[in-house]
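All remarks here apply to the structure that follows.
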Amino acid sequence: MKLVAYLLMALATMAGSIAAATTYLVPLGDGSDDSALIDRGIELAAPAGAYDPNTPEGKALAEEIEAARALAEAAKDDEPEPLIVVEDVEVDLPPLPAVETAPTGTATVAERTAVSPIAVKGDTLNAEMIALLRAHDVRFIKSASFDPAVWFRTWPSWVFLLSVATLFVSAMMVRAASKGAGQTSPRAAGQDVADAPETPVAIADAIRETVGATVRDVRTKGSERERLDLIIDNLGEVQRTLVPAFASARPQIIQSMGMGGYAQVMDAFADCERQINRAWSAAADGVEFEAVESLERADAMLPALIERLRTV
Amino acid sequence: MPNGSSNGDHPGAPRKKYREVTIEALVFGVIVGAVMNAAITYAGLKIGFTIVGSAIAAVLGFGVLRGILRKGTILETNIAQTVASAVNTPNSGVIFTVPVLLLLGYSLSFGEVNFWLITLACVAGAILGGAFIVPLRKQMLDIERLRFPSATAVAAILKSPGAGPKKSIVLVIGILLSALIAAPAQLPQLKSPAPLDGLETLVEKEQISRADMLLTRQIATWIEEGDAPAELIEHGRLAFELVDAKAANRPAEKEGLSPEEAASRSRAVRELEIRLEDAAERATIAIASREPEASDRGRLKSAGYPLELAKRAYGASVGEVAGEAFAWEDLRSTKTGWAAKPMFGYSDLQVRLPAETEPDAEPVDYAYNGLGQDDPVLTERVDRDRDGVPDLVVKDDSIDVGRIFGIPGQIELIFAIAPFALGAGYLTGRAGLLVLAGGILAYVVINPVLFSMGWLPASVKSFEAPGFAYGAINRPLGIGLLLGGAMMGVIASLPAIKEAFKSIASAKVTSHEHIGQRDELGIRVLIVAVLAALVLLFVAADFTGSRAINTIDPLTEERIETDAYVSQHNGYAIAFATAESQAAFDAAPDDRKVLEVEELAADKPGLLAGLDPHLRALIIAVVGALWIWFAGIIIAQCTGMTDWSPISGMALLTVVLVMLLGGPGGVLGAVLVGAALCVAITCAADMMADLKTGYLVGSVPRKQQTVELIATGIGPLITMAVLLVIVAGNQAKFGIDIGPGTDTVAPQAQALQAIITGVQGGQMPYALYGFGALIGALLGLGAFSGLGVLVGLSMYLPMLYISTYGIGCVINMIVTKVKGARWAEEWGVPMAAGFIVGDALLALGVNTAVLIGG
């Protein structure tokens, strides 16, 4: 079930994201509702349409576009007289000398393949612009503002809603499947753990065994170097194998103890782990007293942790 | 009880104090942090480069404390890197935001209230960010066990002396290998003046343009002849004159002058600006006219030249300007437009697509084989920039695998040559595949579908689709997913957060050394931080809410030099340059006033515009404090899971949030409060990463938290001081504070300025944020609450880094499968750590060299 749920989740995320990307698109429609489009005074947030400006048709179209744009500008309020007249700085400069130039190869090729947009960002949609865009097979324009009433009349909005519903259902399926899978050991679940015991209790027991043995053995060693090496080796092994294994048992612990119980366990485990880490660092630095003390503190914390894990 | 167990029965163990927080570590950390802060502030303003610097501080600390002083322990070095990164980190929050004020015309100097208010806000923001994150340490590190790849790498460095010589060797090999791989990607940033006889080769390799070559040859002639076109020299003379005129036009210089005299100085500046623009055009024409071929004249005319060329030419012609000596040889510099030869990079391998010509296209003269010789036209598939040479697929910093395999342009499959991303991916392991999946979703599914469906503008070509969609769709949708995912993460983690709070409040003691002291700072710190945040943000919002929002008179476009003429409109304070201007505005009808203040965005009131100004400031303060906490969680989660921090996205949202509440016209307030919040957010993430390192080496969190909270306040002071020095230097040299036209173009602040302009123009994609948040929240509703954050982050990041990061994740899985998890952890982690550190060290070195070299 989990695999199906994840597959559904992936598909719904794809579909939902694609549909969400259309939120600012406004369909130009078939012309029956142009007045509504114009009345909204839509400002374009991206270019729309494309044409080749170098063909005779393109040149004619460019003039039509300019005319449409001029009408849109004229529809806006006239520029009012300034409230206060300011003297502009004027400098008398001789005309610039002329220089004869020719297009480069790059410019020539770029001109040959040039594509110009019919409407540009910032243009306001008017009847003339709509007609030009529609005549060039433009079906959508991107508006600068989101209009839910428009978007929810388009099919991508329904895809989005369906995706949201699917995401919700698949998330619930994943949760249900995760509850069932909570009993699975980290290794069986394919976690990246080394050769470690299967259950959280067994892992914690193994840590206690190693730490306890180190506390005992350290007293039997003759030289400081031997004692420090013993701590470094044994705790290094705990850090490399048992600690990651315990962390990977998260689903099992949550399954049996809930999120709050898991938090309590990990809180206690982390305190212990930090002492192990501190003991290792002190040993590496040759500070034996601190190393042994931290080791003993870790050793003293482990029984309570194991007891808590066993009570569930 | 563990803290009572020690009784001195450890065989032969002297009761020796374990060095952790020491004077040496603190002093070293502050010095290294201050130097990095100053250098990175400059580098950030000049080239947009920032770095947290923990890894660098750890390596330096390792060398100095252990190597030179011969007494540093792992924990002491950890404290040193904690302090260094705490002092350094706030700079990214400051340089993202504060220079925007300078770009918008506000001034900053030691004598102004604005400067001290911003500095205070940033200092408080730095401390608050750290304090706010303290109670989340247990939840993120102890309970969620986030990986924090860079923090893990730093811990690997710190632990290397005890990990045995073999692991240290692996770490060093990792650093060297990383530097070796990254060197050809980063070294091309270092450029030197190209030799004259190698110019054509550089043109063929597309490392310089033909216009660069032509200008360089002309400059060489001027150096040889000891003369330059008169128009160019005149341009330089006017440039120096303008700097002097601007200096004389500063408010401090005009004190005591009559209004007429002051106005004449302003006019003189404007007149010189017009003359300067004209002189630049004349000089460009003069330079272009020296070329015999018409197409070369066209090239030079459209390319222009740097202002520095004109200034040095004038300087050389007169020998000395403002006490500085000039010589003609000074023109041989990459700053003057002399062609720059980059150091060896991957692009020197010249791995290009095979040539593919358009059979029907008429040949054109690209001038590669000399002028007058036509070449066949290549297809756009192999020559997107249409310059007649097949495009490179292996560039200095990336490999375009998609183009190598002929994948359609709308599908982006590109890999960054970035060992740090590889190392971070390895350290994240299997979980990082979700980031890769998110990247594939955005760049291989969403963008191509949008292109195929005709939902992108028709003028956008297939290979332009990924870039267009990234800015218009992926990024805002990704930010929305991040927000929703983080929100769901917080809800899902509520039981864990509750337990973490209970644990902190229960005064747990595990340290023998400090009987009766907590392991970490308690809830009281959070309470004090919340109160302090509210007070500070209230003071900042209240103060700026009453300040004028403009520096230019909306009627006369004159610069405002006094706050004597201020009118209220729409909840904003609008300043005027003169009493006449203010009177004209006050007498105008309301609809006319709206027109006049439209450019200041003061025609649009904020959501809280109708409220009493003090109540408005209080609400902004409360929302800001909540935002610090929430955004801090997002940044810490992202850094913890992947090593990437969406700081620019959070900075954007922070400023947008304040502008929505206070009104889009209130840029000063938005940037000031935004700066405090951005600094807080970056410091929160840094604190969490440092605590992760500390956790891995067994440091006491309380000690780290205390030194970090104290040290981090120093950071904004250094950054702001450096900013002022840069501004003073720019004023003396260029006559402007910062930005285009100076050496410090402040790229990140320019990006934020564009966003502010977008908010003012009402063009923010709020719907995409909202729908993204819904998807992000639902993704987090499943088994893994961080899923929405991971997918959102991958949509927010450029594909090239995600794909390299993904390779790191896959390598980890393969190594684990083939050699076993223990081997992967034991040998793979130091190697991956070396990759992260080596890349960071090289980047710092290269950028330092760029700065020194100018």
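Taken in order, these protein sequences are the chains called Y and E. Take the first sequence: its letter number 97 is residue 270 in the numbering used here, and every next letter is one higher. Take the second sequence: its letter number 690 is residue 736 in the numbering used here, and every next letter is one higher. Cβ atoms here follow ideal geometry from the backbone N, Cα and C, with glycine treated the same way. As the structure is a computational prediction, the values presented were derived from the model and not from experiment.
{"Item": "Only counting the same chain, and skipping five residues up and downstream in sequence, which positions put a Cβ closer than 7 Å to that of Leu248 of chain E?", "Value": "Ala240, Ile254, Ala385, Lys387"}
{"Item": "Comparing C-alpha positions only, which one of Y:Ala300, Y:Leu184, Y:Pro270 sits nearest to Asp206 of chain Y?", "Value": "Y:Ala300"}
{"Item": "Does any CB atom of chain E fall closer than 9 Å to the CB of Pro476 of chain Y?", "Value": "no"}
{"Item": "Quick one: Cα of Ala889 of chain E to Cα of Tyr435 of chain Y, how far?", "Value": "41 Å"}
{"Item": "9 Å is my cut-off, CB to CB: does Arg449 of chain E come that close to chain Y?", "Value": "no"}
{"Item": "Contact between the region 657-670 of chain E and the region 586-601 of chain E: three or more CB pairs below 8 Å?", "Value": "yes"}
{"Item": "Roughly how many angstroms lie between the CA atoms of Tyr414 of chain E and Glu250 of chain E, to the nearest whole one?", "Value": "7 Å"}
{"Item": "Measuring straight from C-alpha to C-alpha, what distance separates Lys125 of chain E and Ser831 of chain E?", "Value": "Looking at the sequence itself, residue 125 of chain E is Ile, so the reference to Lys does not match. The alpha-carbon atoms of Ile125 of chain E and Ser831 of chain E are separated by roughly 32 Å."}
{"Item": "Checking contacts by CB at 9 Å: is Arg398 of chain E closer than that to chain Y?", "Value": "no"}
{"Item": "Nearest chain Y C-beta to Phe631 of chain E closer than 9 Å, yes or no?", "Value": "yes"}
{"Item": "Span of the alpha helix (DSSP H) holding Ala126 of chain E?", "Value": "120-134"}
{"Item": "Looking at C-alpha atoms only, which residue of E:Ala84, E:Ala373, E:Gly75 is the closest neighbour of Ile764 of chain E?", "Value": "E:Ala84"}
{"Item": "Between which two residues does the alpha helix (DSSP H) holding Ile848 of chain E run?", "Value": "845-865"}
{"Item": "Which residues bound the alpha helix (DSSP H) around Ile486 of chain E?", "Value": "479-486"}
{"Item": "Quick check for students: name the residue ranges of the alpha helix (DSSP H) that lie wholly in the region 426-514 of chain E, counting only runs of 4 or more.", "Value": "447-450, 465-474, 479-486, 493-498"}
{"Item": "Look up Leu176 of chain Y in the DSSP assignment and say whether it is helix, strand or coil.", "Value": "helix"}
{"Item": "Roughly how many angstroms lie between the CA atoms of Ser557 of chain E and Gln799 of chain E, to the nearest whole one?", "Value": "With a pLDDT of only 49 at Ser557 of chain E, under 50, the local geometry of the prediction cannot be trusted, and the value read off the model is given with reservation. Approximately 49 Å between the Cα atoms of the pair."}
{"Item": "So if DSSP puts Leu424 of chain E in a beta bridge, which residue, or which two residues, is it bridged to?", "Value": "E:Thr403"}
{"Item": "CB Ser525 of chain E to CB Leu699 of chain E, shorter than 9 Å?", "Value": "At residue 525 of chain E the sequence reads Ile, which differs from the Ser that was named. In contact: Ile525 of chain E and Leu699 of chain E (Cβ atoms closer than 9 Å)."}
{"Item": "Within the same chain, show all residues whose beta-carbon is closer than 8 Å to that of Asp227 of chain Y, passing over the 5 residues directly before and after it, in chain order.", "Value": "Sequence inspection shows Asn at residue 227 of chain Y; the Asp mentioned does not correspond to that position. Cβ within range, chain order: Glu284, Arg285, Ala287."}
{"Item": "For a quick check, are the C-beta atoms of Leu528 of chain E and Cys855 of chain E less than 9 Å apart?", "Value": "no"}
{"Item": "Chain E partners of Arg447 of chain Y, CB-CB under 7 Å?", "Value": "Tyr741, Gly744"}
{"Item": "Just to confirm, are Pro290 of chain Y and Ala223 of chain Y a CB contact at a threshold of 9 Å?", "Value": "yes"}
{"Item": "In the structure shown, what three-state DSSP assignment does Ser208 of chain Y receive?", "Value": "helix"}
{"Item": "Show which residues of chain Y have a CB atom less than 7 Å away from the CB atom of Ile331 of chain E.", "Value": "Leu269, Pro270, Val272"}
{"Item": "Give the list of continuous alpha helix (DSSP H) stretches no shorter than 4 residues that lie fully inside the region 623-665 of chain E.", "Value": "625-633, 636-642"}
{"Item": "Identify whether Tyr224 of chain Y lies in helix, strand or coil by the three-state DSSP scheme.", "Value": "strand"}
{"Item": "Is the beta carbon of Ala199 of chain E closer than 9 Å to that of Leu473 of chain E?", "Value": "yes"}
{"Item": "Which partner residues of Pro380 of chain E appear in the DSSP bridge assignment?", "Value": "Note on identity: in this sequence residue 380 of chain E is Thr, with Pro being the wrong assignment. Answer is none; Thr380 of chain E lacks a bridge partner."}
{"Item": "For a contact defined as C-beta to C-beta under 7 Å, what are the partners of Met430 of chain Y on chain E?", "Value": "Result: empty, since nearest Cβ-Cβ is about 11 Å, beyond 7 Å."}
{"Item": "For Glu463 of chain Y, go through chain C and note every residue whose CB falls closer than 7 Å to its CB, in chain order.", "Value": "Among the protein chains of the structure shown, namely Y and E, there is no chain C."}
{"Item": "I want to see whether chain Y comes within less than 9 Å of Thr602 of chain E, judged by CB atoms only; does it?", "Value": "yes"}
{"Item": "For Ala130 of chain E, which option in E:Ile77, E:Tyr815, E:Ala177 has the closest C-alpha, if you only look at C-alpha atoms?", "Value": "E:Ile77"}
{"Item": "Following the continuous beta strand (DSSP E) through Ser613 of chain E, name the residue where it begins and the one where it ends.", "Value": "612-615"}
{"Item": "CB Gly75 of chain E to CB Val140 of chain E, shorter than 9 Å?", "Value": "no"}
{"Item": "Exposed or buried, which one is Trp453 of chain Y when buried takes at least 16 other CB atoms within 10 Å?", "Value": "buried"}
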